[in-house]
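S.K.:
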Amino acid sequence: MAKPTKYPLWNALASMQLTIALLALLMVLVFLCTLAQVDLGTFGAVAVYMRSFVVWWHVPGTAYSIPVLPGGVTVGMVLTLNLVAQYLRIPFNWNNFGLWLVHLGLILFVVGEFVSGAFQVDSQMAIEEGQTVNFVEGKDPELAVVDVTDPTQDEVYGIGQSTLAREGTVELPGTPVSIKVHQFVRNADLANRRPGDPPSPATRGVGTAVTVRPLPPVSRDDDVNRTTAFVEPIAGGRSYGVWLVSTVLGAPQSFTHEGRTYVLSMRPRRQYLPYSITLKKFSHDVYAGTDIPKNFSSLVRLYNPSRGEDRDVLIYMNQPLRYDGKAFYQASFGKNDTLSVLQVVENPGWLLPYVSCILVTAGLVYHFGTRLRRSLRRRDAAQAAAQHPAAQEA
Amino acid sequence: MKIAKIAPWVAGGLALVGVGVSAFQPDRLRGFDVGGFSRLPILEGGRVKPVDTLARNSLLMIRGQQSFRYQDRTVGADEWLLDVLFRPQVADAQPIFVINDPDVLGLIGLRQTADRYFSFRQLAPHIGEIQRQAQAAHPIDAKERSRFQSAIVNLFDRVYLYHRLKNSVQLEGEALASEVAGAQERGAAERHLALLEMAQFRPLPPLAGARPDAWRSTGEALRSSAAGGTVDPGLASLARVGWAYSFQEPAEFNQAVVELTALTARTNPAAREQADHEMLFNRAQPFYMGMVIYILALLTIFASWLWKPEILRPAAFGLLIAGATVQTGGLVSRILLQGRPPVTNLYSSAVFVGWAAVILSIVLERMYRRGFGTAVGAAAGFASLLVAHHLAGDGDTMEMMRAVLDSNFWLATHVVAITIGYSGTFLAGAIAISYVLRRQFAPRLDPASTKTLVSMTYGIVAFSLLFSFVGTVLGGIWADQSWGRFWGWDPKENGALLIVLWNAIILHARFGGFAKERGFMAMAIFGNVITSLSWFGVNMLGVGLHSYGFMDKAFWALAVFIGVQFLLMGLCLLPRQFWKPRAARAVEGEEVPAKA
Chain V
157 MAKPTKYPLW NALASMQLTI ALLALLMVLV FLCTLAQVDL GTFGAVAVYM
207 RSFVVWWHVP GTAYSIPVLP GGVTVGMVLT LNLVAQYLRI PFNWNNFGLW
257 LVHLGLILFV VGEFVSGAFQ VDSQMAIEEG QTVNFVEGKD PELAVVDVTD
307 PTQDEVYGIG QSTLAREGTV ELPGTPVSIK VHQFVRNADL ANRRPGDPPS
357 PATRGVGTAV TVRPLPPVSR DDDVNRTTAF VEPIAGGRSY GVWLVSTVLG
407 APQSFTHEGR TYVLSMRPRR QYLPYSITLK KFSHDVYAGT DIPKNFSSLV
457 RLYNPSRGED RDVLIYMNQP LRYDGKAFYQ ASFGKNDTLS VLQVVENPGW
507 LLPYVSCILV TAGLVYHFGT RLRRSLRRRD AAQAAAQHPA AQEA
Chain P
21 MKIAKIAPWV AGGLALVGVG VSAFQPDRLR GFDVGGFSRL PILEGGRVKP
71 VDTLARNSLL MIRGQQSFRY QDRTVGADEW LLDVLFRPQV ADAQPIFVIN
121 DPDVLGLIGL RQTADRYFSF RQLAPHIGEI QRQAQAAHPI DAKERSRFQS
171 AIVNLFDRVY LYHRLKNSVQ LEGEALASEV AGAQERGAAE RHLALLEMAQ
221 FRPLPPLAGA RPDAWRSTGE ALRSSAAGGT VDPGLASLAR VGWAYSFQEP
271 AEFNQAVVEL TALTARTNPA AREQADHEML FNRAQPFYMG MVIYILALLT
321 IFASWLWKPE ILRPAAFGLL IAGATVQTGG LVSRILLQGR PPVTNLYSSA
371 VFVGWAAVIL SIVLERMYRR GFGTAVGAAA GFASLLVAHH LAGDGDTMEM
421 MRAVLDSNFW LATHVVAITI GYSGTFLAGA IAISYVLRRQ FAPRLDPAST
471 KTLVSMTYGI VAFSLLFSFV GTVLGGIWAD QSWGRFWGWD PKENGALLIV
521 LWNAIILHAR FGGFAKERGF MAMAIFGNVI TSLSWFGVNM LGVGLHSYGF
571 MDKAFWALAV FIGVQFLLMG LCLLPRQFWK PRAARAVEGE EVPAKA
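Sequence lines, in order, name chains V and P. In terms of our numbering, the first sequence opens at residue 157 and continues consecutively. In terms of our numbering, the second sequence opens at residue 21 and continues consecutively.
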């Protein structure tokens, strides 16, 4: 190990005690995060322990929470600094070449994870057989206001949930319409209005007959928030009433202003693509005489007029379609095997873990290989030395 | 000197001969070619297997054993299945249902006695109640069921399996021969449909020109011939097998078995070969025999510390090699039979962890030649095969892979690397345990041996770090290839990460000089805790993509294992004045001149 410098903070940051302490902290966090998944679900547990600066513990019976552990982000950042500091102190020679490669690989790995964390976008594409889709849907909801006047082309205006949560007024660019958000509820239970219920804030549409009860938002992977809002479209100084929109309401609700019809709906956030995908056939095979799935696959048609592409692609387990910076994976299915759900991931850093894995593996093999050879040589020399005098005695 | 040279060959050779002899079992039973019948290929659980495998796995699921004593003789799985299929009145009287839960026994009005096994006839009056209770418990998530609920669901599943087996080839009380002859027209269509729905397996090979997995149940074949299709060529022979067995006519039975054998050999030679191979595998019981040889090796090495080490130590090594040979044979057989890399489920991971630990130990023994490698290898091999043996009770250990796991490339790289990582971490822990036990119990302690143990442990920890890291990252890459995320904090991934982190901590602590000999060895033992949690513990959570082997029974075994590891760590960290006096003196004798 290299000599300590005269800067105490730098020495502390580059010390191996710190490495060990941080690795141990990380183990504790990973362990707790794993246990917590039983109650919180993977997403929730990761949010509490891994994607946080500090882990809080809620003191039972009080309103207080006290910090108990540094969170995954803190540990990860300090560990990265420690890794870089140590890496800079590894003298570069053949003896340390293996260690040097290992730690370089680890730095790349951390960089890759930060890139994924910052830039990865997960979405989904659900297609029924014969249907053509040119958008992907995210997990978060948005309020979509769609101008459907032109039968050949829809104009879509999306308002994200963070904007809705501010409960202000949002102007739709390029239209006379603005949307006033009266109330936004992350998760709610909707029920038919009964006689004793308080009056609904909605004055138009199906919302007038519905009672909304707010619920705490959920984070478990298989639970979905039923996001709901009361909104009031205003155009040309005129109100079109207060409408209830929710991700669980299926029926379209629309209003017309100066001959243009706008449809209001709360739906998963959409990102439109410059190409389209048509599901030609979804296949779900099982092993003979069982219901163990053997294979899921989607035969799709990829159509991109701007690039002149029009071709068939088969997407199946372990074989995604990588196209235009996005990867489409076979994720799920439904509607009696006629609906295919593709997981769509955009991650500019997807290649970094591959490079890192190769570097670390090569470094470890080199390092332990040279160590093993040296120790074997030393043992042979010791054995030869032990046998030599014995031979003389005999 | 000469005896020492041939000792390993003699010991190993004898062990292998023993395996060969035990694999040879007579086919005939009271004149019936039971072996010939058991070799017939069938389709069950999505794959072709011999009748023998179905018989063994079914009996294992129902009774927990592959044979049982009844009326002062041992009834094998094959004979039992023949009775279930064709003489249900005999099978119904045999005590095959094991019931341990006192509440379940109480429910069916039986007292808990020394004998825990009950016949179908004893259960029959209570089937309705068992079914009612099981159906009430069924909607509850498996993790949240009470002990009684788990036990009743389990009993019902076994009774149902038994019922399906009885009605797979022919409906109980309706001989297949009379169905084939069309003797009873009335209700034939309903009976054929019931047969089709109840069939647990499909005994009739695909017709010429059909898909290779288009095996047919008797119900299906009867329906298609009733609908005017071709009469299945195997149906008549199968009917004669059943008729001859139920009337106990050996000559007729053997003749019909020969016909069926010839039919599958002609139409499906590949299935025939597969079934023959698997039959040999079943009879040789390589993993059970390996377990026996490993325990012999372990006893021999223990004896060598007390008596004639120059002969017994090489003999123990010979036995270890023999055990490894048998286990390797079994592993290769499984790989060929399944057409898959060695690790496909929890059971095979246990077999493979043990195998890799044994091979590593053999390498260590060749390098250091002090007997530690043999001792640790034999103990690891025995322990892992014992674990595997207890994991095998859930049925076919060569079940088909779910679509998401169906990738031989990733199974061969990610899964194998991770499993070797488990193996290495356990082996390092095992060497550290032998270090602790030796310090407490050995009559004398030479510093050179201690040094050997420490350097062996160091080497194995380094090896484990390499494999667990590579395996973990390859898992991430597989995940990225399959569903677009490199790391999802899935419990099994976290478990693998914990192993990597812990091995890295051990090496850094050793490298930085923070852990000396005792601390280093105690850390290696803690590696056992981490690995067992990551291997089995996370499966008990029942969360995530890797929860392929949910297990509740093993919880206490795991808790005891971890408790013992903590005890050993405490023992390892004890200061010198608590060691066995001579051992402490020996170490001091070494260190005092070094300080001077």
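Cβ atoms here follow ideal geometry from the backbone N, Cα and C, with glycine treated the same way.
(1) Can you list the residues of chain V that Met-218/P reaches, using a CB-CB cut of under 7 Å?
(2) Apart from the five residues on each side of it in sequence, which residues of its chain come closer than 6 Å, Cβ to Cβ, to Val-104/P?
(3) What separation, rounded to the nearest whole angstrom, lies between the Cα atoms of Pro-449/V and Tyr-472/V?
(4) Are any of the Cβ atoms in chain V nearer than 8 Å to that of Met-476/P?
(5) Report the three-state DSSP secondary structure of Tyr-428/V (helix, strand or coil).
(6) The alpha helix (DSSP H) with Trp-256/V in it runs from where to where?
(7) Under the three-state reduction of DSSP, which class applies to Met-311/P: helix, strand or coil?
(8) For Phe-44/P and Phe-489/P, I'd like the C-alpha separation in whole angstroms.
(9) If you drop the 5 nearest sequence neighbours on each side, which residues of the same chain put their C-beta closer than 7 Å to that of Arg-292/P?
(10) Would DSSP call Arg-478/V helix, strand or coil?
(11) With Ile-451/P and Ala-24/P assumed to form a contact (beta carbons below 8 Å), what rounded beta-carbon distance in angstroms separates them?
(12) Any idea which residues DSSP pairs Phe-88/P with across the strands?
(13) From Gly-268/V, Ala-487/V and Gly-361/V, pick the residue whose C-alpha is nearest to that of Phe-411/V; which is it?
(14) Between the region 278–296 of chain V and the region 398–416 of chain V, can you find at least three pairs of beta-carbon atoms closer than 8 Å?
(15) How many Å lie between Ser-432/V and Pro-461/V at the Cα?
(16) Return the bridge partner residues of Pro-70/P from the DSSP annotation.
(17) State the DSSP-derived secondary structure class of His-413/V, mapped to helix, strand or coil.
(18) Which residues does DSSP list as the beta-bridge partners of Glu-327/V?
(19) Can you give the Cα-Cα distance for His-410/P and Thr-394/P, rounded to whole angstroms?
(20) Can you pull the chain V neighbours of Arg-422/P, defined as C-beta to C-beta under 7 Å?
(21) With 16 as the cutoff for other CB atoms within 10 Å, does Asp-195/V come out buried or exposed?
(22) In three-state DSSP terms, what is Arg-211/P?
(23) Phe-452/V lies in the beta strand (DSSP E); which residues open and close that run?
(24) For Phe-386/V, is the classification buried or exposed, using 16 other Cβ atoms within 10 angstroms of its Cβ as the cut-off for buried?
(25) Less than 8 Å between CB atoms is the rule here; does Arg-386/P satisfy it with respect to chain V?
(26) In the structure shown, what three-state DSSP assignment does His-434/P receive?
(27) Can you look up Phe-570/P in the DSSP assignment and give me helix, strand or coil?
(28) Run through chain P and tell me which residues come within less than 8 Å of Tyr-243/V, C-beta to C-beta.
(29) By Cβ distance, which residues of its chain are closer than 6 Å to Ala-31/P, with the 5 residues on each side in sequence left out?
(30) In three-state DSSP terms, what is Trp-213/V?
(31) What do you get for Asp-53/P, buried or exposed, if any count of 16 or more other CB atoms within 10 angstroms of its CB means buried?
(32) For Asp-466/V, tell me which candidate among Val-380/V, Leu-507/V and Val-456/V has the shortest Cα-Cα distance.
(33) If we cut at 8 Å on Cβ distances, does Gln-427/V have a partner in chain P?
(34) By the criterion of Cβ-Cβ separation under 9 Å, what are the contact partners of Pro-509/V in chain P?
(35) Pull out every residue of the region 452–477 of chain V whose Cβ sits closer than 7 Å to any Cβ of chain P, in chain order.
(36) Would Gly-261/V and Thr-526/V be called neighbours here (beta carbons separated by less than 8 Å)?
M.R.: In this structure, then:
(1) Going along chain V, no residue has its Cβ under 7 Å from Met-218/P, so there is no contact; the nearest lies around 13 Å.
(2) Ala-111, Leu-185 and Lys-186
(3) 13 Å
(4) no
(5) strand
(6) 253–275
(7) Shown here, Met-311/P sits in a helix according to DSSP, grouped into three states.
(8) Between the alpha carbons of Phe-44/P and Phe-489/P lies a gap of roughly 44 Å.
(9) Pro-61, Thr-284 and Ala-285
(10) The answer is strand: DSSP assigns Arg-478/V an E or B state.
(11) About 25 Å separates the two Cβ atoms, so there is no contact after all.
(12) Val-95/P
(13) Gly-361/V
(14) no
(15) Answer to the nearest angstrom: the Cα atoms are 9 Å apart.
(16) Pro-61/P.
(17) strand
(18) Ser-334/V
(19) Approximately 24 Å, taken between the alpha carbons.
(20) Residues of chain V passing the Cβ test: Ile-448 and Pro-449.
(21) exposed
(22) Reduced to three states, the DSSP call for Arg-211/P is helix.
(23) 449–460
(24) Phe-386/V is buried by the Cβ-count criterion.
(25) no
(26) helix
(27) At Phe-570/P, the pLDDT of 45 sits below 50, so the modelled position is not reliable; the number obtained from the coordinates is stated separately. It is coil, neither helix nor strand.
(28) None at all; the shortest Cβ gap to chain P is about 14 Å.
(29) Ala-335, Gly-338 and Leu-339
(30) strand
(31) buried
(32) Val-456/V
(33) no
(34) Val-493, Gly-496, Ile-497, Asp-500, Phe-506 and Trp-507
(35) Phe-452, Met-473, Asn-474 and Pro-476
(36) no
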